[in-house]
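Number of protein chains: 2
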Amino acid sequence: MIDIKDRVRNAALRSKIVSAEEAAAIIKPGMNIGTSGFTPAGYPKAVPLALAERIKKEKFKVNLWTGASVGKELDGALAECEGIQKRLPYQTNDAIRKLINAGKMQYTDLHLSHVAQMSRYGFLGGKVDVAIVEACAITEEGHIVPTTSLGNSASFVQSADIVIVEINTSQPLELEGMHDVYVPLDPPNRLPVPIVKVDDRIGTPYIECGPDKITYIVPCDIPDYVRPLAAIDDDAKAMSQHLIKFLENEIKQGRMPKNLLPLQSGVGSVANAVISGLVDSPFENLTVFTEVIQDGMFDLIDAGKLDFASGTSITPSPDGLKRFYNGLSDYRKKIMLRPQEIANSPETARRLGIIAMNTAIELDIYGHVNSTHIMGTKMMNGIGGSGDFARNGYLTIFFSNSIAKNGDISSIVPMCSHFDHTEHDIDVFVTERGVADVRGLSPKERAQVIIDNCAHPDYQPMLQDYLDRATKATGNAHTPHILSEALSWHARFMETGSMKLK
Amino acid sequence: MIDIKDRVRNAALRSKIVSAEEAAAIIKPGMNIGTSGFTPAGYPKAVPLALAERIKKEKFKVNLWTGASVGKELDGALAECEGIQKRLPYQTNDAIRKLINAGKMQYTDLHLSHVAQMSRYGFLGGKVDVAIVEACAITEEGHIVPTTSLGNSASFVQSADIVIVEINTSQPLELEGMHDVYVPLDPPNRLPVPIVKVDDRIGTPYIECGPDKITYIVPCDIPDYVRPLAAIDDDAKAMSQHLIKFLENEIKQGRMPKNLLPLQSGVGSVANAVISGLVDSPFENLTVFTEVIQDGMFDLIDAGKLDFASGTSITPSPDGLKRFYNGLSDYRKKIMLRPQEIANSPETARRLGIIAMNTAIELDIYGHVNSTHIMGTKMMNGIGGSGDFARNGYLTIFFSNSIAKNGDISSIVPMCSHFDHTEHDIDVFVTERGVADVRGLSPKERAQVIIDNCAHPDYQPMLQDYLDRATKATGNAHTPHILSEALSWHARFMETGSMKLK
Chain A
15 MIDIKDRVRN AALRSKIVSA EEAAAIIKPG MNIGTSGFTP AGYPKAVPLA
65 LAERIKKEKF KVNLWTGASV GKELDGALAE CEGIQKRLPY QTNDAIRKLI
115 NAGKMQYTDL HLSHVAQMSR YGFLGGKVDV AIVEACAITE EGHIVPTTSL
165 GNSASFVQSA DIVIVEINTS QPLELEGMHD VYVPLDPPNR LPVPIVKVDD
215 RIGTPYIECG PDKITYIVPC DIPDYVRPLA AIDDDAKAMS QHLIKFLENE
265 IKQGRMPKNL LPLQSGVGSV ANAVISGLVD SPFENLTVFT EVIQDGMFDL
315 IDAGKLDFAS GTSITPSPDG LKRFYNGLSD YRKKIMLRPQ EIANSPETAR
365 RLGIIAMNTA IELDIYGHVN STHIMGTKMM NGIGGSGDFA RNGYLTIFFS
415 NSIAKNGDIS SIVPMCSHFD HTEHDIDVFV TERGVADVRG LSPKERAQVI
465 IDNCAHPDYQ PMLQDYLDRA TKATGNAHTP HILSEALSWH ARFMETGSMK
515 LK
Chain B
15 MIDIKDRVRN AALRSKIVSA EEAAAIIKPG MNIGTSGFTP AGYPKAVPLA
65 LAERIKKEKF KVNLWTGASV GKELDGALAE CEGIQKRLPY QTNDAIRKLI
115 NAGKMQYTDL HLSHVAQMSR YGFLGGKVDV AIVEACAITE EGHIVPTTSL
165 GNSASFVQSA DIVIVEINTS QPLELEGMHD VYVPLDPPNR LPVPIVKVDD
215 RIGTPYIECG PDKITYIVPC DIPDYVRPLA AIDDDAKAMS QHLIKFLENE
265 IKQGRMPKNL LPLQSGVGSV ANAVISGLVD SPFENLTVFT EVIQDGMFDL
315 IDAGKLDFAS GTSITPSPDG LKRFYNGLSD YRKKIMLRPQ EIANSPETAR
365 RLGIIAMNTA IELDIYGHVN STHIMGTKMM NGIGGSGDFA RNGYLTIFFS
415 NSIAKNGDIS SIVPMCSHFD HTEHDIDVFV TERGVADVRG LSPKERAQVI
465 IDNCAHPDYQ PMLQDYLDRA TKATGNAHTP HILSEALSWH ARFMETGSMK
515 LK
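If you read the sequences in order, they're chains A and B. For the first sequence, position 35 matches number 49 in my numbering, and the numbering has no gaps at all. For the second sequence, position 395 matches number 409 in my numbering, and the numbering has no gaps at all.
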C-alpha cells in the first residue's frame, strides 16, 4: 500500500482508498458507467473485475460507455457475466461481439469524436452516473493524472455524480506531463480549439476533478492487456510502397509539402505496417495527429523521422509496450495524449490538413466503404474514428487487401453490404494491387479506376461485366446498378462459401 | 452604360468593359470555369449565354464549377448546347440532370464545404482557369462586391488566371456591406475560423482581387431567375408542428436553450415550410447559420422572431425577391453572406451547435439516408451541404414525407438504394406521421421507433414483417437484413409501378 499512498498526494484523500469490491458495490443496476480506456490502454481493471463478480451473483445489467475498445478485464469480464445492457461507442472483443450479434447486448456505434459531447448533452440516455478512471496519480489538488489513454475520461468525470479512481501502479509515473486535457464548453458558449500545430498544448496535464468529487480510490497493479501485432506480410508491404510512391508524386505535383502533413493512421496490423514502412521512405520531419500510437510510431521516432505524435492512446504490442516504458524519458518529449473529442475533432483535422489513412472491410466500385459489418448484418468492431478523419482530412485514403478468405471474398464488390463512408468522403484507395486516385471523378470514372487499379484479377472481369451491364441496363445513368444483383455477391458467398461463380 | 460606369469605381478599369461575346471568346475548350452562384442567386448570366452561343457554333466542352445549383442562363444554356464535360459540385437543372443520367455529362457530387479547398489544393483536375463572377460593383482598389450569393467566388478568383466580372445592374447597390469574405489559408498554415457567434464579422465586405487581375468587365441586367415555392401543404404543416413540439420538450429537458441554437435549414418547399412554421412557435430571439436564405427567414424577421441570419445565398421566390429588395435597408442589418466554405464549415457547425434540418429522398429502418439518387441509380440533385451540417450539428434532423408518388413509394424502406448519410450521423427523423428520436439507440431499437412513429400505415406491416423475418434469419444479428430482399422494394416499384405487394 505504500506505493499507492505515494501516488495519492493529498493526504486526506487517502481515507477514500477502498477495495475494488467496496467500490463496485456502489454501482446500481441500469446505471450508465463511463470509463477511461481507448483500445486496451488505460482502462480500469480492478473495479470492473469486482463488478463482474458481483453481477455473477446478483444478476443485473449496466450500460458501458468507454473511449473505444478496452481490455479483457473490462469488456471481457462484463461480457462473460452478460452484465452489459448497452455498449458504446466501439469494441473489438470476441465475447462482446457475439452478444451484440445474438441480440443479447445493444450496441451504439458512434463517431468517436461525438461521444463526449453527446454524453454531456444528455443525448445517450441520461448522463454518466459513475465514472471509473485509471490514473497514475492524484495530485495534491485532487486532480487525476491519466495513464496510457485519455479517451472520454475528462468528460465522464465532469458529468458523473460518482467518481472512482483506479490508481494503477503498473503504469509509470513518468507518464505524468504527457497529457493535454481540454474539455470544450458546450454551445452556445464553445470557443475555437486553439491548436494550430500538432504539438500545441492547450489544456492541463491532469483531469480536473477536486478532492470532494472523488468517491473512492482503488489500488490496482494489473498491466494493460495489449496484444501482439500480426507480422508485416507482403501485401501490407506492397500497400506501404504504393502509398510512398503516391505521396512522392503529390509532393512533385506541388499538392503536398515535402514533410507531408500530419498523419492519421487507423488501428491494427495493416495500419501499423504502413506507418512502419515510412521508416524507409524519403520523408523527414514527419508529424502525427491520430488516435492510437502503435509500434510503427516508435520505429519512426527511433529512425529520427518523426518530430511529434499526438494521439489519445498508446497501444503498442507487448514488446512495444516494454520498449515504450524503457524509452519513456525520450518518447515523452515527442508524444502527447489528448481527449478523443480533440484528437478526432473535425475542426483540427481540417485545419491541420491531416492525411487520413484507414482500413475498409469492403469497398464498392463507386467508392463507398463498409468499415463495420460482415456481409451487411454482423457487427465486426465499429466505425471508430475513421469517419472523423475521412470526412475532414486533407487527403483521405482507405486501405484494403483486394481479397479475403483465401480469395473467396472480393473486398471490392458491386455494392457495399453496409455503408459507413460514402462516395463524397474518399480521395484514394490502396490495395496490394495498386492505387485508385478518385479525386474529382464521377461514379463511373471512379468505378473504372478502382476496377483497373485495385481489384484482384480473379474478380476484375466480374466487376467489369457488372459495370458494363448495369451501365447498359440503366441507360448510362449516374450510378449504374442492377438492384436485383447488386448484393448478389454477398448472398452467393453465404450460400456457397465463395463470391466466385461456379 | 452610365449606370455600369458608376459601379466600376476605378476609372482606369473602365477600359476593360467589353461585350459578353468578347469576354466569352477568351475561353478555350477543356478549361475549368469557376463561377459565382449558389442556387439561382448571384450567378453570371451574360457571359454564359454568349459562351453557349459560341459553343453551338464551334462545338466544344468546358468543365463547370460553381457554388451549387445556378439559374437557367448558366446551367440551362450550357446544357442545351451540351457544352459541359464535367459539372460540379451540385445542380438542380432538368436538362443537366438528363445529361448526367444519360452518361453525356460527368458529374462530381461533393460536400459543398469541400469544394473551395479542393479547388485550391488542385484535387479536382487542375486549377480554375477562368473565374466568372457576378458583382454589384468593383471598388476603387479593384476588389469585387458580390451580389445575392458568395459561394466559392473568392477562392475561384484567387486561383484563376483569368477573371471576368459581370456587373449586374439589376442587383441593388445596397447589397454592399452584407458580405463577409474570408478565405482560409491552406494547411499547414491554416488558423481557426474565428466565428463564435452567428453575426461575427471576420473578413472583408468584398472579394480581394485588385485591378490587374481583372481581365474583362461585362455589363448585365438580367435578374436572378428565382423560382416560386410550392404552397405549404398539410404534410409540411404537420412536420413543422412535430418539430416545434419536439424542440419544446428538448428545452424542458434542459437539452436546449430557450432561444434554441442556430438553425440550418435545407433548400426547398418543405424546408421553407418548417422555417415559416416557427413564426407561430413560442421561440424568440432565434438565429440562423445556414446556406440559403429563403422566404421563411423573412417571415421570421418580420415577425420579430429572428435576430440574425448568416448564409451563403439569398434565394427567395419571385415574390420574396421583391419583398427582399423593397425591405433591403432593414433586412441588410440582419443578414450576412459568407463563403460556403465558412457557412458550411464543420468547425463552425460544431462550435455554434447548429440544429441541422435537411430533407431525405428515402431513409431506411436502420436510420441511413439517401439524399441524392432515385431508385439507387439516377441522380436527382446532389448531397449539397446536408453532410456538412448533419455530421457536425448539435442536433441533426431529417425530414421526409412518409410516402411519395401517391403512396406507390414508401420513403421508409428496408435498405436505402443509395447512401449519403449513415446511421452514425442522424439524431431525429420527422415525417408527417411523427418523430423518431433515435439518439443513442442501437440499429434494431432505431428500426422499431422509425417504423412505429414515422412510417405510413400502408407500409408499417410490411416493414415490421421485414424486420421480424430478418431478425430471425440472422439470429438477431446487429443489423438484420435479408440481402436477397433488402432492395426488392425498389425492384418491385420499377417493375410494377408500386412498392406495394399486389
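Quick reminder that beta carbons are idealized off the backbone N, C-alpha and C, glycines included.
Three-way DSSP call (helix, strand, coil) for residue i in this model
i	result
residue 223 of chain A	coil
residue 420 of chain A	helix
residue 380 of chain B	coil
residue 446 of chain B	coil
residue 137 of chain B	strand
residue 401 of chain A	helix
residue 393 of chain A	strand
residue 234 of chain B	strand
residue 507 of chain B	helix
residue 72 of chain B	helix
residue 357 of chain B	helix
residue 188 of chain A	helix
residue 295 of chain A	coil
residue 204 of chain B	coil
residue 469 of chain A	coil
residue 464 of chain B	helix
residue 325 of chain B	strand
Cβ pair residue i, residue j closer than 8 angstroms
i	j	result
residue 85 of chain B	residue 57 of chain B	yes
residue 384 of chain B	residue 431 of chain B	yes
residue 508 of chain A	residue 424 of chain A	no
residue 323 of chain A	residue 302 of chain A	yes
residue 386 of chain B	residue 434 of chain B	yes
residue 286 of chain A	residue 309 of chain A	yes
residue 350 of chain B	residue 226 of chain B	no
residue 105 of chain B	residue 77 of chain B	no
Residue i versus residue j - alpha carbon distance
i	j	result
residue 59 of chain A	residue 112 of chain A	22 angstroms
residue 15 of chain A	residue 232 of chain A	Unreliable positioning characterises residue 15 of chain A in this predicted model, as indicated by a pLDDT of 47, which lies under 50. A coordinate reading is not provided.
residue 391 of chain B	residue 427 of chain B	16 angstroms
residue 399 of chain B	residue 305 of chain B	8 angstroms
residue 174 of chain A	residue 328 of chain B	45 angstroms
residue 200 of chain B	residue 210 of chain A	12 angstroms
residue 153 of chain B	residue 179 of chain B	12 angstroms
residue 124 of chain B	residue 356 of chain B	16 angstroms
residue 370 of chain B	residue 187 of chain A	45 angstroms
residue 192 of chain A	residue 496 of chain B	49 angstroms
residue 362 of chain A	residue 202 of chain B	11 angstroms
residue 189 of chain B	residue 162 of chain B	8 angstroms
residue 516 of chain A	residue 510 of chain A	9 angstroms
Buried/exposed call for residue i, threshold 16 Cβ in 10 Å
i	result
residue 436 of chain A	buried
residue 359 of chain B	buried
residue 205 of chain A	exposed
residue 372 of chain A	buried
residue 82 of chain B	buried
residue 493 of chain A	buried
residue 184 of chain A	exposed
Neighbour list for residue i in chain A, Cβ cutoff strictly below 7 angstroms
i	result
residue 400 of chain B	Under the 7 angstroms cutoff, chain A gives no residues; its nearest Cβ is about 10 angstroms from residue 400 of chain B.
residue 530 of chain B	Any answer about residue 530 of chain B is impossible in this case: the structure gives chain B only from 15 up to 516.
Contact set between residue i and chain A, taken where Cβ atoms lie within less than 9 angstroms
i	result
residue 114 of chain B	456, 491, 492
Contacts of residue i in chain A (Cβ-Cβ under 8 angstroms)
i	result
residue 505 of chain B	497, 498
residue 406 of chain B	360
residue 206 of chain B	206, 207, 208, 210, 361, 365
residue 31 of chain B	Here the premise fails: no neighbours, minimum Cβ distance about 34 angstroms.
Partner residues on chain B for residue i, Cβ-Cβ distance less than 9 angstroms
i	result
residue 269 of chain A	135, 136, 137
residue 201 of chain A	271, 275, 276, 364, 365, 366, 367, 368, 408
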